[in-house]
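2 protein chains.
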Amino acid sequence: MTEPSFTRRVPGDDERARDICDHCGFVAYENPKIVVGSVVRHEGRILLCRRAIEPRRGFWTIPAGYLELGETPEDGARREAAEEANVRLHMDRLLAVYSVPRISQVQLIYRARLADPSFSPGPESLDVRLFDPADIPRDELAFPSVHWALDHDAEAEAGAPPVPFANPQGASGSVMPNGERFGTDEM
Amino acid sequence: MTEPSFTRRVPGDDERARDICDHCGFVAYENPKIVVGSVVRHEGRILLCRRAIEPRRGFWTIPAGYLELGETPEDGARREAAEEANVRLHMDRLLAVYSVPRISQVQLIYRARLADPSFSPGPESLDVRLFDPADIPRDELAFPSVHWALDHDAEAEAGAPPVPFANPQGASGSVMPNGERFGTDEM
């Protein structure tokens with residue numbers, strides 16, 4: 001078996017450059033990816049997972065990941081929470097639609113509640129905890145959009161109308177609130 | 001050059017079956033796709049495009065298509081409208097988030113207005129017209145979600161709160177309102 005080898009060029013029936021296999025002509029179309037996740041509350045506290053994998057190993061995040069084929073976004077958000085924190089969720093509603101064009105992601109973030117109070121780290125998590133909102137380790141959050149989602153969830157909890165939030169004005173997910181610039185991966 | 005040839009099996013570092021190239025071992029990850037589109041209004045009328053391409057050639061649709069890499073959903077919806085109807089849009093707000101898991105699509109549909117009243121068919125359209133809502137050819141709409149989007153836009157126009165709509169209760173995009181069952185492609 002040979003090694004994968006692709007050349008970037010425009011296929012005959014297309015207008016954009018794509019990665020085309022040098023061996024067989026297969027066109028590896030790349031599309032933006034859908035991330036589904038949830039801000040999970042239980043008795044006023046918020047569930048966060050400490051990442052066991054790169055990028056951002058050791059940092060805290062909401063349960064979230066790539067939507068799989070054949071899933072609804074709500075089902076995907078439930079699956080990710082089950083995989084990362086061994087929880088069962090009651091889905092509430094769509095909290096936010098974020099766009100991170102630098103890494104070609106659209107994120108659909110839901111509000112959810114624990115169906116029962118049991119949780120534990122899945123294979124991609126070092127730790128899972130319920131945090132009082134005031135105790136969330138803000139300097140140890142994994143991604144800009146985790147900040148956004150927690151802020152927007154707090155606004156929703158305080159009575160904001162149930163309209164999904166979007167990226168904060170001017171933000172594209174490239175900078176952490178502390179000014180740290182972001183690399184090429186997110187979530 | 002040989003022909004593309006893939007075998008479906010679970011890669012060593014994965015839990016799901018993927019298409020793997022028989023020649024070089026390249027894993028062709030397939031992800032759900034994001035469709036972005038808009039219900040476009042101009043002076044009380046709604047812009048529709050008659051499809052020049054399969055699936056559903058000859059049927060009417062709202063401007064919509066696949067989000068490309070590096071785009072925000074709003075930019076993608078604007079681009080699709082420009083390509084299909086040669087229009088410039090003012091984007092209003094997110095009208096709906098639909099899920100069609102059968103074909104692994106998530107659709108983000110926006111409300112929009114024409115920035116100026118000029119329009120004409122792009123290469124993927126046979127015709128582009130502004131319809132009075134009462135005159136929309138309901139029996140000649142391309143996809144279930146076009147029905148949903150037009151219904152939801154009418155509700156928004158009638159004063160429904162600005163919360164994005166979702167699939168009609170129990171609907172997964174497999175059946176047209178007239179009972180016709182749907183094939184394997186959509187949009």
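Respectively, the protein sequence lines represent chains C and W.
So the first sequence is residues 1 to 187, counted in full-length UniProt numbering.
So the second sequence is residues 1 to 187, counted in full-length UniProt numbering.
Just so it is clear, CB atoms sit at the ideal spot from N, CA and C, and this is done for glycine as well.
Would you list the residues sitting across from residue i in a DSSP beta bridge?
{"i": "V27(C)", "result": "I20(C)"}
{"i": "S38(W)", "result": "Y110(W)"}
{"i": "F6(C)", "result": "C21(C)"}
{"i": "residue 196(C)", "result": "There is simply no residue 196(C) to check, as chain C begins at 1 and stops at 187 in what is shown."}
{"i": "T61(W)", "result": "C49(W)"}
{"i": "R181(W)", "result": "V175(W)"}
Of all the CB atoms in chain B, is at least one closer than 7 angstroms to the CB of residue i?
{"i": "G70(W)", "result": "Of the protein chains in the structure, C and W, none is chain B."}
Along chain W, which residues have their Cβ under 7 angstroms away from the Cβ of residue i?
{"i": "V40(C)", "result": "The premise fails here: V40(C) is roughly 20 angstroms from chain W at the closest Cβ pair, so nothing lies under 7 angstroms."}
{"i": "P101(C)", "result": "G70, E71, T72"}
For a contact defined as C-beta to C-beta under 8 angstroms, what are the partners of residue i on chain C?
{"i": "G65(W)", "result": "None at all; the shortest Cβ gap to chain C is about 12 angstroms."}
{"i": "P28(W)", "result": "For clarity, residue 28(W) is Ala in the given sequence; the question names Pro instead. Chain C residues near A28(W): F26, A28."}
{"i": "S5(W)", "result": "C24"}
Within the continuous beta strand (DSSP E) that includes residue i, where are the two ends?
{"i": "A64(W)", "result": "64 to 66"}
Whose Cβ in chain W lies nearer than 9 angstroms to the Cβ of residue i?
{"i": "A82(C)", "result": "Per Cβ cutoff of 9 angstroms: no residues; A82(C) is ~13 angstroms from chain W at best."}
Counting only Cβ pairs nearer than 7 angstroms, list the residues of chain C close to residue i.
{"i": "H23(W)", "result": "M1, T2, H23, C24"}
So which residues of chain C does residue i contact, with C-beta pairs closer than 9 angstroms?
{"i": "I34(W)", "result": "N31, P32, K33, I34, V106"}
{"i": "V97(W)", "result": "P73, L94, V97, L108, P164"}
Q: At 3 residues or longer, and completely inside the stretch 81 to 165 of chain W: list those beta strand (DSSP E) runs for me, N to C.
A: 89 to 100, 105 to 114, 125 to 131
Q.
Taking contact to mean 3 or more Cβ pairs, one atom from each stretch, closer than 8 angstroms, check whether the stretch 27 to 37 of chain C and the stretch 24 to 38 of chain W are in contact.
A. yes
Q: Kindly confirm or deny that the stretch 56 to 63 of chain C and the stretch 13 to 26 of chain C touch, where touching means at least three C-beta pairs closer than 8 angstroms.
A: no
Q.
If contact is defined by three or more beta carbon pairs under 8 angstroms, each pair taking one atom from either stretch, is the stretch 104 to 116 of chain W in contact with the stretch 7 to 17 of chain W?
A. no
Q: Could you tell me whether the stretch 42 to 50 of chain W touches the stretch 130 to 144 of chain W, using the rule of 3 or more Cβ pairs below 8 angstroms?
A: yes
Q. Using 8 angstroms as the threshold, is the stretch 68 to 84 of chain C in touch with the stretch 156 to 174 of chain C, meaning 3 or more CB pairs across them?
A. no
Q | Contact the stretch 140 to 155 of chain C vs the stretch 67 to 75 of chain C: 3+ CB pairs below 8 angstroms | A | no
Q: Please confirm if the stretch 81 to 98 of chain C is in contact with the stretch 106 to 126 of chain C, defined as three or more CB-CB distances below 8 angstroms between the two stretches.
A: yes
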